[in-house]
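First residue of the sequence shown: 1, per our numbering; consecutive thereafter.
Glycine included, C-beta positions come from ideal geometry on N, C-alpha and C.
Predicted model only: the values in this text are computed from it and were never measured.
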Amino acid sequence: MEEIHAVQNMSSVLVNTHLTPRPILLTRHGESLYNVRGRIGGDTAISETGELYAKKLANFVEKRLKNEKAASIQMGTDLQHLIEQSLGELGRAGRKIGLKAIIWTSTLQRTILTASPIAGFPKIQWRALDEINAGVCDGMTYEEIKKNMPEEYDSRKKDKLRYRYPRGESYLDVIQRLEPVIIELERQRAPVVVVSHQAVLRALYAYFADRPLSEIPHIEMPLHTIIEIQMGVTGVQEKRYKLM
1 MEEIHAVQNM SSVLVNTHLT PRPILLTRHG ESLYNVRGRI GGDTAISETG
51 ELYAKKLANF VEKRLKNEKA ASIQMGTDLQ HLIEQSLGEL GRAGRKIGLK
101 AIIWTSTLQR TILTASPIAG FPKIQWRALD EINAGVCDGM TYEEIKKNMP
151 EEYDSRKKDK LRYRYPRGES YLDVIQRLEP VIIELERQRA PVVVVSHQAV
201 LRALYAYFAD RPLSEIPHIE MPLHTIIEIQ MGVTGVQEKR YKLM
């Protein structure tokens, strides 16, 4: 039943689709200190390598989107409060004056730091874009989980889609909480840059690329790479840019 509900949720957002051509740029945060140590979850800063990627990302985004035409921000109830809270008068005015693009990050500092060098575009933070909650396994390495929690390690290995970390989330949980994010992505007429995390971006990418649920936990989503999804009347096109 849980999987059926997730499928229905992912499909139902199609009714909100705008056919205005615009790019959506998806990228993971720059390498974090936990990435370096092989640990999952947490809220660490980015490494020196991650900082370099942040600069390269800013340069790419500013060049890629500088010629985009300004478009009004479309606000559903899920997005309106976040935009007005983050952008104040600019957010309220965005409906009228238009913006060339908007940057969405999670509330975790590794995405915020990665997006920080991007100039000229407003930024908002979405808790719904936070990484999958690893629960009691947060901060552990997979080797530590295998050694100290072998049953959990085996359960996750057998079914990554449905496996839920103790006191945490499963991929199906992530998909469900991303429903309002997808609705707002579909609603936008201006380009959106999403700086988020591996599990979240796998789910978002799968939606736009029409990939089945079973593939989501296994979709390649490397660090320091931008996936550009071009939305238009002829469908969805994809480009990938590996910056490092």
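Counting only runs that start and end inside the stretch 141-216, the beta strand (DSSP E) elements of at least 3 residues fall at 192-196. Counting along the chain, the unbroken alpha helix (DSSP H) around residue 61 starts and ends at 48-65. In this structure, residue 121 and residue 101 form a Cβ contact; the two beta carbons are roughly 5 Å apart against a cut-off of 8 Å.
Of 196, 143 and 173, the smallest CA-CA separation from residue 123 is found for 196.
For residue 227, the enclosing beta strand (DSSP E) starts and ends at 225-232.
The criterion of a C-beta distance shorter than 8 Å is not satisfied by residue 24 and residue 243. DSSP places residue 120 in the coil class of the three-state scheme, outside both helix and strand.
Between residue 200 and residue 212, the alpha-carbon positions lie close to 15 Å from each other. Around the beta carbon of residue 198, 16 or more other beta carbons sit within 10 angstroms, so the residue counts as buried.
If you check the CB distance, residue 45 and residue 109 come in under 8 Å. For residue 43, the closest of 138, 51 and 115 by C-alpha to C-alpha distance is 138. Between residue 115 and residue 105 a beta carbon distance of about 5 Å is seen, short of the 8 Å cut, so the two are scored as contacting. By the neighbour-count criterion, in which 16 or more other beta carbons inside 10 Å mark a residue as buried, residue 188 falls on the buried side. For the pair residue 38 and residue 142, the Cα-to-Cα distance works out to about 8 Å. Just measuring C-alpha positions, the residue of 26, 168 and 210 sitting nearest residue 241 is 26. Within the same chain, and ignoring the five residues on either side of residue 194 in sequence, the residues whose Cβ sits closer than 6 Å to its Cβ are 26 and 104. Distance from the CA atom of residue 217 to the CA atom of residue 238, rounded to whole angstroms, is 20 Å. Just measuring C-alpha positions, the residue of 146, 30 and 48 sitting nearest residue 112 is 30.
Under the DSSP definition of a beta bridge, residue 102 partners with 192.
The residues 134, 135 and 137, in chain order, have a CB closer than 6 Å to that of residue 165 in the same chain once the five nearest residues on each side in sequence are set aside.
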